[in-house]
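Have a look at the structure below, then the notes.
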Amino acid sequence: MKIKCQKQFFAKALQTISGVAVQRDIYPILENVRITAANNQVLIKATDLKISVTYILSTGVEIIEPGELLLPAAKLNSLVKETPDEEFLIEKDEFNGILITKDGRFYILGENPQKFPEIPCFDEKGTMEVSGEDFRKLINKTLFATTAEKTRYDFDNVMVNILENTIRFVSTDGKRLALCEKKYQSLGEIKEKQFTVPAQGLQQINRVLSTTTPSKVILNVLENQFLFRTEDVILSTRLSDGKFPPYEKVMPQALPYKIFFAQKDFSSALRRVCLLADEKNKIVQITFNPTSLNLFCRGEGTGEGNVEIPAVYDGEAFSIKFNPNFLLDVLKVIDNSEINIYLQDGQSAILLKDGDDFRYVVLPIKVEEKKEEIKDGNQE
Amino acid sequence: MTKIHILPPLLANQIAAGECIERPSSVVKELVENSLDAQSKSIQIDIEDAGNRLIRILDDGCGMEKEDLLLALVSHATSKISTSDDLMNIKTLGFRGEALASIASIAEVSISSATRESKEGYQIECKNGDLKPIRPTGMAPGTIVEVRNLFYTIPARRKFLKAKATEMAHITETVTQLALSAFGVSFKLTHNGKTIFCLTGAEDPKLRIKQLLGTEEVDFIRTERSSGACKLDAYLGLPCYSRSSNKWQYCYINGRAIKDRVALRSLQDAYQDYLPNKRFAIAVLYLTLDPSYVDVNVHPAKAEVRYRESKEIYEIVFKAVSQGLRTKDVLSPLPIHELTSENSFVPKQEDSANCQESLAQREEKKIWQAADLEEDPKMQSNYEKEADESKKITTHQSNTGFAFSDATETYPKQFANFQHGKVAVPQENPFLKRHLSGKQSRKTTPLPEHKNYSFWDKADGKEDSKISSYLQINKTYLVVESKEGLIVIDQHAFHERVLYNRIRTQIQKGKIPSQPLLFPEILHLSVEEIAAFLEWQKDLQSFGIETKCVGNTVEIHSFPHAIGKASAKEIVADLILQSEDRKQLRLEDAIEKVLATMACKAAVKAGESLSKEEIESLLKIYEEEKDNIYFCPHGRPTVLKISIPELEKHFKRT
Chain R
964 MKIKCQKQFF AKALQTISGV AVQRDIYPIL ENVRITAANN QVLIKATDLK ISVTYILSTG
1024 VEIIEPGELL LPAAKLNSLV KETPDEEFLI EKDEFNGILI TKDGRFYILG ENPQKFPEIP
1084 CFDEKGTMEV SGEDFRKLIN KTLFATTAEK TRYDFDNVMV NILENTIRFV STDGKRLALC
1144 EKKYQSLGEI KEKQFTVPAQ GLQQINRVLS TTTPSKVILN VLENQFLFRT EDVILSTRLS
1204 DGKFPPYEKV MPQALPYKIF FAQKDFSSAL RRVCLLADEK NKIVQITFNP TSLNLFCRGE
1264 GTGEGNVEIP AVYDGEAFSI KFNPNFLLDV LKVIDNSEIN IYLQDGQSAI LLKDGDDFRY
1324 VVLPIKVEEK KEEIKDGNQE
Chain D
211 MTKIHILPPL LANQIAAGEC IERPSSVVKE LVENSLDAQS KSIQIDIEDA GNRLIRILDD
271 GCGMEKEDLL LALVSHATSK ISTSDDLMNI KTLGFRGEAL ASIASIAEVS ISSATRESKE
331 GYQIECKNGD LKPIRPTGMA PGTIVEVRNL FYTIPARRKF LKAKATEMAH ITETVTQLAL
391 SAFGVSFKLT HNGKTIFCLT GAEDPKLRIK QLLGTEEVDF IRTERSSGAC KLDAYLGLPC
451 YSRSSNKWQY CYINGRAIKD RVALRSLQDA YQDYLPNKRF AIAVLYLTLD PSYVDVNVHP
511 AKAEVRYRES KEIYEIVFKA VSQGLRTKDV LSPLPIHELT SENSFVPKQE DSANCQESLA
571 QREEKKIWQA ADLEEDPKMQ SNYEKEADES KKITTHQSNT GFAFSDATET YPKQFANFQH
631 GKVAVPQENP FLKRHLSGKQ SRKTTPLPEH KNYSFWDKAD GKEDSKISSY LQINKTYLVV
691 ESKEGLIVID QHAFHERVLY NRIRTQIQKG KIPSQPLLFP EILHLSVEEI AAFLEWQKDL
751 QSFGIETKCV GNTVEIHSFP HAIGKASAKE IVADLILQSE DRKQLRLEDA IEKVLATMAC
811 KAAVKAGESL SKEEIESLLK IYEEEKDNIY FCPHGRPTVL KISIPELEKH FKRT
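Just so you know, the protein sequences line up as chains R and D, in that order. Per our numbering, residue 964 is the first one in the first sequence, and the count goes up by one each step. Per our numbering, residue 211 is the first one in the second sequence, and the count goes up by one each step.
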């Protein structure tokens, strides 16, 4: 194998995928990237067995002689990054690679490419097309609500539900729940499906997608893989067999009241009042009034803050308490400048909507007075 | 032919023996208890062959008349109670009238006894259940009971005995247990003619406790408390002498040794803050209760009791022990021989003459002061500036990793005494006032007027403080002078404990905001656990844990907001487990680990250099904090004290 590479393109490809290649794994072959030169394309692959990336380089490379190499990702990435030349050569000497620059020659010890694990193939049958922006929103608007905490459910997963015309992502940490859905265009026959994807995998995928910013993403679900294809990357993540809670049951139905207010006002007010909340025990109290919304925080030994913002509300006045982090998180991912919240009373869950395709459920905090007298214990 | 018949008395006694006579030590217990009930002042216990061949008890108690002696070996014969009302008001150790008869059914027993009034004694023998005729014998007042060939009639039981050393250990333990309670009585225990211990009677149990439990120089704290019908007198070993099991914890209820779950649990709870996990303090508890408050007729060997108000027992023990541990300095004393010149605080690079001089002076005045300025560039630059101005400043950097500063600029005249002094003298020190002439005393010392000195003025303002000087060593330990001597504080462990106490109080006091869960956590419990759970369900709710019980499962619907990161399931399970033996649930105990981690993360780390203000603030807490600050939440000590007598001992000044 012998290829001539333009640094600009080759470096970007390596940069994008070397995050996937693992460092110091007990299975050292995964530290490598597999470079395949054939059919006017150079494919660079990396995997940690949970997620896999294939970067397709069709511009900026010239194949002089086709072939394959398996080289350590981190070393190759650094070498290419540090190379001052615009162009360099990569050659093959048995399993080892030689990087030739104008002023130097780097002989990199490699491995037999056949040892690299097989990476799931993208199947062009039954695929869906989602716009790149929508796809990133699906991830961003749900990923934040996951948690690594262990309970009987696996909250470190995002549930993906493929419906007739929409694809839905749902995530929860047991205390709040985020649901985002986007329309897709079917390319072939689509079956309705429900599966879970590890949050960690999605995070990696999000990182790769954010460096390439594709205009559209083609999705495909195989038996135990969820695959994504853009113009220059093919990504796949293993599905998890995690248990996801029955989320439909906790989606509040028919909440009687509605309030709406500007996102900007609310964010600013919330961030400010929270500064005085107890660090270990953050609670914000929100009071709904017909024309305004009041936020209040108190911290022992720090003080208290109070901000009033304009709002439109059609229900009875009452107060409700929240973990402000649950609200701050969602404010970061909201698109619209106005927020609609549906509610019932100070003890029930609220539903926040951002447009038609995002719903967010949060449970309020209950404050119970600690009883002075604890009842007598049992007598032996 | 009838199937049901009455067992012959010998067999009945053998069955009774099965309950209360388990091994040779049980015989010792029954017989010594009899001696104690007989008001003996001195008891000798002779054992041969770990009690298999001979157990002999000699006492100088009231003895028995000839007629009584005849009845002594008959079952249910006793002098200790006579009506069932007496059963509610037991003041003697024995009362069942079964022990001697039981022993006689499984061994060869001979009893010789003489009362103080009679001139001669009588002896009675019983072998294999056959009473031999009583015969007179000459002896001093008191009783001698000899038990030979124990279990010879029931070889099966004999087979179950453990190695002789083990059986002897049980006997020693039994006698220890009895001797701790009857501290006014002299005890002598021998085995195969060798004396194991010989204790003379004392008025104060402390001596007896030290003799029996003080394998090392364990120091005991005495604490007392009484409420209602209960009175507790407790001797608590310092936490630094902890043991790996609770074998060294003795509990006496009206003089009767009882491994009482309620009292021992309470003891452990009170010690919890002071001990590492799974360590147990040495302690002796003497509980005095109105006999009608406690039922001892529960267990054949009387190893268990029932209370009318077990909560009261739990509380009195808990409060007394907590109070005792708080009042007394529970610090581990430093073995003085370990303090060699190598780890003493003498900078090695010093000019030896200067060093000696200043050391001598230091010794004389028993005071020294140094502040660590090494890590604070701002302060140092102030110093440098001053050095240029006044040319009077000396800062010694030693190779031991800390800097002594003499702070000469504040006390220029005193400094004349200390040439190259790494020792500066705090002015408010009473020693100093005695030593220094009027010219050198505080009032006549002109303080240079420069704003940079505000730093030191602040130190001057701390006149009331007991702590006058300090030093940070290895960025981990704070060395402080106190009235009693020297205190070394582990900055991380100490700060951790202070934060931990604060979080704990916050949780104890405050309202507990509760975060509901979208999907309830499910906890599966056994039938017993469910019963315990139902009893405590309301208390859980007051902690912000809302639950529903469905069959054998508990659904957790909400959980305290402040500890949201912890596993709800584990904490509820912990709380239920905790409720066993407890009379009160405490959330802070179940989430102790969570709290400890919170405190540990927030606390200042070892290896962090602290500014003067920070150190002062920590030391202020040290002086003011009333709660336990001597052990970190994981049970490691936070403070080491070296008293002036210890220093004097080391320098051979005594």
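The C-beta atom is built at its ideal place from N, Cα and C for all residues, glycine as well.
Excluding its 5 nearest sequence neighbours in each direction, Lys-1329/R has C-beta neighbours in its own chain below 7 Å: Gln-1310, listed in chain order. If you check each beta-carbon in the segment 720-750 of chain D against every beta-carbon of chain R, the ones closer than 8 Å belong to Gly-720, Lys-721, Ile-722, Pro-723, Ser-724, Gln-725, Pro-726, Leu-727, Leu-728, Phe-729, Glu-731, Ile-732, Glu-745, Lys-748, Asp-749. When Cβ pairs closer than 8 Å are counted between the two stretches, the segment 1050-1062 of chain R is seen not to touch the segment 1234-1251 of chain R, the count staying below three. In chain D, no part has a C-beta under 7 Å from the C-beta of Tyr-1305/R; the shortest such distance is about 16 Å.
Look at the segment 1203-1219 of chain R: the residues with a C-beta under 7 Å from a C-beta of chain D are Pro-1208, Val-1213.
Going by DSSP, Asp-256/D is part of no alpha helix (DSSP H) but of the beta strand (DSSP E) stretching over 252-258.
Flagged as an interface residue toward chain D: Arg-1115/R, by a C-beta distance shorter than 8 Å. When Cβ-Cβ separations below 8 Å define contact, Lys-1088/R makes no contact with chain D. Taking a cut-off of 8 Å on C-beta distances, the segment 983-996 of chain R touches the segment 1009-1021 of chain R, as three or more cross pairs fall below it. Among the CB atoms of chain R, none fall inside 8 Å of the CB of Ser-532/D. By the neighbour-count criterion, in which 16 or more other beta carbons inside 10 Å mark a residue as buried, Lys-693/D falls on the exposed side. Taking a cut-off of 8 Å on C-beta distances, the segment 343-360 of chain D touches the segment 326-333 of chain D, as three or more cross pairs fall below it. Close to Val-1330/R, with beta-carbon spacing below 8 Å, are these residues of chain D in chain order: Lys-721, Ile-722, Pro-723, Ser-724. Neighbours of Leu-1326/R across chain D, judged by C-beta separation under 9 Å: Gln-725, Pro-726, Leu-727, Leu-728, Ser-768. Under the Cβ distance rule, Ser-827/D does not count among the residues neighbouring chain R, no pair being separated by less than 8 Å. Nearest C-alpha to Ala-324/D among Met-274/D, Gly-761/D, Ser-245/D, Leu-446/D: Met-274/D. Taking the Cα positions, Thr-1105/R is about 39 Å away from Asn-1003/R. Positions of the beta strand (DSSP E) runs, each at least 3 residues long and wholly inside the segment 401-467 of chain D, are given as 404-409, 430-437, 440-447, 459-463 in order along the chain.
Classified as exposed, Thr-715/D has fewer than 16 neighbouring CB atoms from the shown chains inside 10 Å of its CB.
Scanning Ala-530/D, Cys-230/D, Cys-759/D for the CA closest to the CA of Ile-431/D turns up Ala-530/D.
Contact of Ser-777/D with chain R by beta-carbon distance below 8 Å involves Glu-1112, Lys-1113, Thr-1114.
With contacts defined as CB atoms closer than 8 Å, Leu-246/D and Val-395/D qualify as a contacting pair. Contact check for Val-708/D against Ile-839/D passes: the beta carbons are separated by less than 8 Å. Between Lys-970/R and Asp-1048/R, the C-beta spacing is below 8 Å.
Residue contact with chain D for Asn-1244/R: present (Cβ-Cβ distance below 8 Å to some residue of chain D). Here Gln-533/D has Thr-433, Arg-435 as same chain residues with Cβ atoms under 8 Å from its own Cβ, once five neighbours each way along the sequence are excluded.
Glu-833/D: member of the alpha helix (DSSP H) spanning 822-834, first to last residue. Any Cβ of chain R closer than 8 Å to the Cβ of Ala-772/D would place that residue at the interface, and such an atom is present.
Neighbourhood of Met-808/D in chain R, by CB distance below 9 Å: Lys-1243, in chain order.
Fewer than three beta-carbon pairs drawn from the segment 1206-1218 of chain R and the segment 1085-1100 of chain R are found closer than 8 Å, and the two stretches are therefore not classed as touching. Within 10 angstroms of the beta-carbon of Glu-1144/R lie 16 or more other beta-carbons, which makes it buried.
When rounded, the separation of the alpha-carbon atoms in Asn-1120/R and Phe-1207/R is 8 Å. Runs of the beta strand (DSSP E) lying entirely within the segment 1098-1153 of chain R, each at least 3 residues long, are 1120-1125, 1129-1135, 1139-1146, 1148-1150 in chain order.
Below 8 Å, too few C-beta pairs join the segment 1295-1313 of chain R and the segment 1109-1120 of chain R to call them touching: fewer than three. Judged by DSSP secondary structure, Gln-1226/R falls within the alpha helix (DSSP H) whose first and last residues are 1226-1237. One Cα belongs to Ile-697/D, the other to Tyr-832/D, and the distance between them is close to 11 Å.
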